[in-house]
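Enquirer: Using the UniProt record's numbering, the first residue of the sequence shown is number 1, and each one after it goes up by one.
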Amino acid sequence: VTTAETLMVIVPEDDTLEVTALVQNKDIGFINVGQNAIIKVEAFPYTRYGYLVGKVKNINLDAIEDQKLGLVFNVIVSVEENDLSTGNKHIPLSSGMAVTAEIKTGMRSVISYLLSPLEESVTESLHER
1 VTTAETLMVI VPEDDTLEVT ALVQNKDIGF INVGQNAIIK VEAFPYTRYG YLVGKVKNIN
61 LDAIEDQKLG LVFNVIVSVE ENDLSTGNKH IPLSSGMAVT AEIKTGMRSV ISYLLSPLEE
121 SVTESLHER
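#1: Applying the 10 Å Cβ sphere with the 16-neighbour rule, what's the burial state of residue 87?
#2: Could you check whether the stretch 57-74 touches the stretch 110-118, counting it as contact only if at least three pairs of C-beta atoms, one from each stretch, sit closer than 8 Å?
#3: Please determine, among 44, 90, 77, the residue with the shortest C-alpha to C-alpha distance to residue 104.
#4: What residues are listed by DSSP as bridge partners for residue 65?
#5: Among residues of its own chain, excluding the 5 on either side of residue 28, which ones have a beta-carbon nearer than 7 Å to its beta-carbon?
#6: Return the Cβ separation of residue 80 and residue 53 in integer angstroms, given the expectation that the two are a contact with Cβ distance under 8 Å.
#7: Comparing alpha-carbon positions, which option in 96, 32, 17 lies nearest residue 60?
#8: Using CA coordinates, which residue listed in 117, 22, 37, 125 is at the minimum distance from residue 67?
#9: To the nearest angstrom, how far is the alpha carbon of residue 49 from that of residue 16?
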């Protein structure tokens, strides 16, 4: 055992699960406390086992450096359920499981989504130096 090495993490058994999500610097401006999130557990394919629902609880205001992603912000998402349910089967979740969190930042029409690259290129091409 070395100095400052974590030996164990103690988590209350019946406490609400929380997800720590890493949000990239380019996306953090669209995240607000209270926004809905969908949490997909990597160990269980969401197309078969479904997903969990949560809400953004806290946004860390200090960016941290991630080797792969660059500057990221920790965002805490509170999960409403502690297990995945498929039919009559309940799969308990535990601390440390890898997940993907999709935070709902807004809505727009399909046509708006499809035309946005075209709109961006037209806007950029009409500039003169």
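Cβ coordinates follow ideal geometry from the N, Cα and C atoms, glycine included.
Expert: The relevant details are as follows:
#1: Taking the first residue of the sequence shown as position 1, residue 87 is located at position 87. That one is exposed.
#2: Inter-segment contact for the stretch 57-74 and the stretch 110-118 is absent: fewer than three beta-carbon pairs are separated by less than 8 Å.
#3: For the purposes of this step, residue 104 is identified with residue 104 of the sequence shown, where counting begins at 1. Selected option, being the one with the closest Cα: 77.
#4: Numbered from its first residue, the sequence shown carries residue 65 at position 65. According to DSSP, which records beta bridges pairwise, residue 65 is partnered with 71.
#5: Sequence index remark: in the sequence shown, residue 28 carries index 28 (1-based). Sequence-distant partners of residue 28 (beyond 5 residues in either direction) whose C-beta falls short of 7 Å from its own C-beta, in its chain, are 73.
#6: Locating residue 80 in the sequence shown gives position 80, counting from the first residue. Locating residue 53 in the sequence shown gives position 53, counting from the first residue. For a cut-off of 8 Å, the C-beta gap from residue 80 to residue 53 is around 5 Å, short enough to register as a contact.
#7: Reading the sequence shown from its first residue, position 60 is the one you call residue 60. Looking at the Cα atoms, 32 is the closest of the given residues.
#8: Counting from 1 along the sequence shown, the entry for residue 67 is found at position 67. Residue nearest to residue 67 within the set 117, 22, 37, 125 is 22 (criterion: CA-CA distance).
#9: Numbered from its first residue, the sequence shown carries residue 49 at position 49. Numbered from its first residue, the sequence shown carries residue 16 at position 16. Those two C-alpha atoms are separated by around 20 Å.
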